[in-house]
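What follows is a short report on a single structure.
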Amino acid sequence: MNPLLPFEWIAAFRFMREGLSQTLLIITGVALGVAVIVFMSALLSGLQSNIIRRTLNSQAPIVVLPPEQLARPLRQGGVAVTVQPRSQKLRSIDQWQKIRADIERMPDVTEVTPVVSGPGFALRGNATKAVTLIGIEPESYLRVIALAEKVIQGDITLTSTDIVIGTELAKDLGAGLGDKLRVSTASGAVETLRVTGIFDFGNKAVNGRNVFVGLRTAQSLLNLVGGVSSLEIKIRDPFAAETIAQAIYAETGLLADSWIKTNAQFFTAIAAQSLSNTVIRFFVGLTAALGIASVLVVSVVQKSKEIGILRAMGTSRGQILRLFLVQGGAMGLAGSMLGSLLGYVFLLVWQGVARNPDGTPLFSIEIPPLLFLAAAVGATLVGILSAVVPARQAARLDPAVAIRG
Amino acid sequence: MVETTVPGDAGPPSAPAADTLRLGGVCKSYGVGTPVENEVLHGIDLALRPGEFAALVGPSGGGKSTLLSLMGLLDRPSAGSLHILGEDTGKLNDSQLTRLRGSAIGFVFQYHHLLPAFTALENVMMPILAARGRPDRDMRDTAAALLDQVGLTPWRDHLANNISGGQQQRVAVARALAMQPSLVLADEPTGNLDTKTADGVFDTLRRVNEASHTTFLIVTHDPRLAQRCDRIIDLVDGRIVSDRANVAR
Ligand SMILES: Nc1ncnc2c1ncn2[C@@H]1O[C@H](COP(=O)(O)OP(=O)(O)O)[C@@H](O)[C@H]1O
Ligand SMILES: [Mg+2]
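From first to last, the protein sequence lines are chains U and L.
Heads up: the first sequence begins at 1 in my numbering, then just goes up one per residue.
Heads up: the second sequence begins at 406 in my numbering, then just goes up one per residue.
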């Protein structure tokens, strides 16, 4: 007997060892349930954070636009240009330097970068491609969008004669690093620019359409000298984007779009997934609880004579009660530890199976240690709670009757 | 020591401390409030003095086990008073009764009722463990000494189910003595054993009684064993019909 353990624990473990096959069966059952929960939760949060990370890699959490202008059609490519030619003039954000400084002073904002973007054409030899020109100020822009790590050739210094294009456009135009392109716009402006970088966002449409140039170059090409078409904003907590966007609107009167609003469908899907995950957790927990409770109810009946004997030799009702609560908690805890291990193995196997054609993992699954802690605490609580009914039954047993059998 | 009470005399409560146990007009009914209400003990008056070694005999169904469960505080009388070591148990609440039971009373039952998940030694330790909360060296030594006293040292580390019936019953005797109780209640402790083994267990009880001056009340159907007790109480249909000192001894 371990001198560190109290009476209830010693007796609880002996009882569980005595009914070893029952104990192991129920621990296995709890373990399977916990494994499913761990696997599903990790998978789901891995999926979500992957999608979120990808989204925020190519999109600023908040974009501030001039009033009454919808920027999305513009950003969706050069097609719009052919539909609405010439008369279309880009609008600038009035006094954008002052507004930028104002927004930068807001507590949750970490960076504000000006962007001039609009439709244009890239020409090389006989090839012509419609593109979205994005004029940026590299130092601040790179702190908002992780563009630098997407540049696979050259760099993103962007002097006034430089252009950075995507892999797809480079292929379409047959242009490589150091080659010259001509870029024109609906206003009639034309510039000859040198390819100094090639990026890959992992998205064919983006790689074929977006081109990055210096802020001034874009301003002159898009006839927006001194102006900017949007301010892109980086914030500390991406999930606070909507409230901050509203605060910006309140302060500046400018349209501020948060990524949460522009990806509303995605967030609706996450909410639905979380709900179904919660429902599944609830039923798995309920099943585990009923399993533990039924094993303990049977055990109380089987051991009623021993319980009577324990009471006859001076064991209190409270001690008997705790003896069974400990059993419930211990089975829950053991099941959750085994289940966490099992869930972890499932995840590793799944990660090995679910791969892109090129062999890289489909996405990385983060296995948060907190998930395991939550599973352990949750399963232990479920175990203790499910032991309450049988434990009270045991504690209430009339020792005289129990001994008489 | 001056004898102030006579067997069967409930006596005035002025000097109850002299008795290990004192029953006054104890009745017990089962199924109270139901159509099958049944009084099985009808006004029992009885006192046991320290160090006494008494037999409780009588036909089956006469209420011997019921009387023992009242004396052992496993159940409460429907009427009458029950003093243990001078304490009026009618005034105690459930947890006080449990504590008094643990410290003052030891049980030996017909079917040994050891805990099969524990060894012989651990079974003997169990009442002390339940009282103190955690195992310690001292309770281990106490239990080992008791097992030695009943001649079971070689089996101390065997699981309770892996020893013979007579050995199990001797473990039960050792366990009943673990808390140094004032009163040991044994309900047909040898009823389940062959004559030779029964004699061995009975000898053990007698020896402990002589060595420790613990009070014993032993239910038995065996007249031969009853004749070896100091006092024979005969319970028939819930009434004490005879209570006499055993002069034959
Ligand atoms: N828990 C109980 N409920 C109802 N009747 C009981 C109960 N225990 C004992 N009895 C009845 O009380 C009477 C005395 O039984 P018992 O004390 O076991 O006698 P003995 O031990 O002398 O054989 C019997 O008629 C028995 O049926
Ligand atoms: Mg009986």
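Here a beta-carbon is modelled for each residue, glycine too, at the ideal position from N, C-alpha and C.
What you are looking at is a predicted structure, and each value in this text was computed from that prediction instead of being measured.
Spatial neighbours of V34(U) in its own chain (CB-CB distance under 7 angstroms, excluding positions within 5 residues in sequence) are listed in chain order as G335, S336, G339, S340, G343, A375 and A379. If you look at S274(U), you'll find it in the alpha helix (DSSP H) that goes A264 to Q302. Proximity of the beta carbon of K496(L) to ligand 2 is not indicated: no heavy atom of the ligand is located closer than 7 angstroms.
For P114(U), the enclosing beta strand (DSSP E) stretches over residues V109 to R124. Boundaries of the beta strand (DSSP E) around D450(L): N443 to L453. In the pairwise beta carbon analysis, the region 380-389 of chain U is classified as not touching the region 451-471 of chain L: fewer than three pairs are separated by under 8 angstroms.
Between L310(U) and chain L, the shortest Cβ-Cβ separation is below 8 angstroms. If you draw a straight line from the Cα of W96(U) to the Cα of Q48(U), it is about 35 angstroms long. Comparing alpha-carbon positions, the option among T425(L), L640(L) and H563(L) lying closest to H488(L) turns out to be T425(L).
Nearest to N614(L) by alpha-carbon distance, out of P586(L), K601(L) and G467(L), is P586(L). At a cut-off of 8 angstroms between beta carbons, A535(L) contacts chain U. Considered as a whole, the region 138-203 of chain U harbours 138-144 and 167-173 as its complete alpha helix (DSSP H) runs of no fewer than 4 residues, in chain order. In the pairwise beta carbon analysis, the region 385-395 of chain U is classified as touching the region 284-300 of chain U: at least three pairs are separated by under 8 angstroms.
Excluding its 5 nearest sequence neighbours in each direction, W560(L) has C-beta neighbours in its own chain below 7 angstroms: A525, I568 and Q572, listed in chain order. Excluding sequence positions up to five before and after I99(U), its CB lies within less than 6 angstroms of the CB of T252, all in the same chain and listed in chain order. Listed along chain L, the residues sitting closer than 7 angstroms to Q319(U) by beta-carbon distance are A535.
In this chain, the alpha helix (DSSP H) harbouring K601(L) covers T600 to S617. Per DSSP, the unbroken beta strand (DSSP E) holding Y435(L) starts and ends at L426 to Y435. Contact of G507(L) with chain U by beta-carbon distance below 7 angstroms involves M313 and G314. Neighbours of F514(L) across chain U, judged by C-beta separation under 7 angstroms: I403.
In the structure shown, T315(U) adopts coil according to DSSP, grouped into three states. Put simply, the region 226-246 of chain U does not touch the region 191-207 of chain U. Fewer than three CB pairs are less than 8 angstroms apart. Within the same chain, and ignoring the five residues on either side of Y141(U) in sequence, the residues whose Cβ sits closer than 6 angstroms to its Cβ are T113. A straight line joining the alpha-carbon of A146(U) with that of S58(U) spans about 7 angstroms.
Residue contact check for F324(U) against chain L: no CB pair falls below 8 angstroms. Using a Cβ-Cβ distance cut-off of 8 angstroms, the region 619-635 of chain L and the region 530-545 of chain L are not in contact, since fewer than three pairs of beta carbons, one from each stretch, lie closer than that value.
For E457(L), the secondary structure class from DSSP, reduced to helix, strand or coil, is coil.
Of all residues in the region 233-257 of chain U, none is placed with a Cβ closer than 8 angstroms to any Cβ belonging to chain L.
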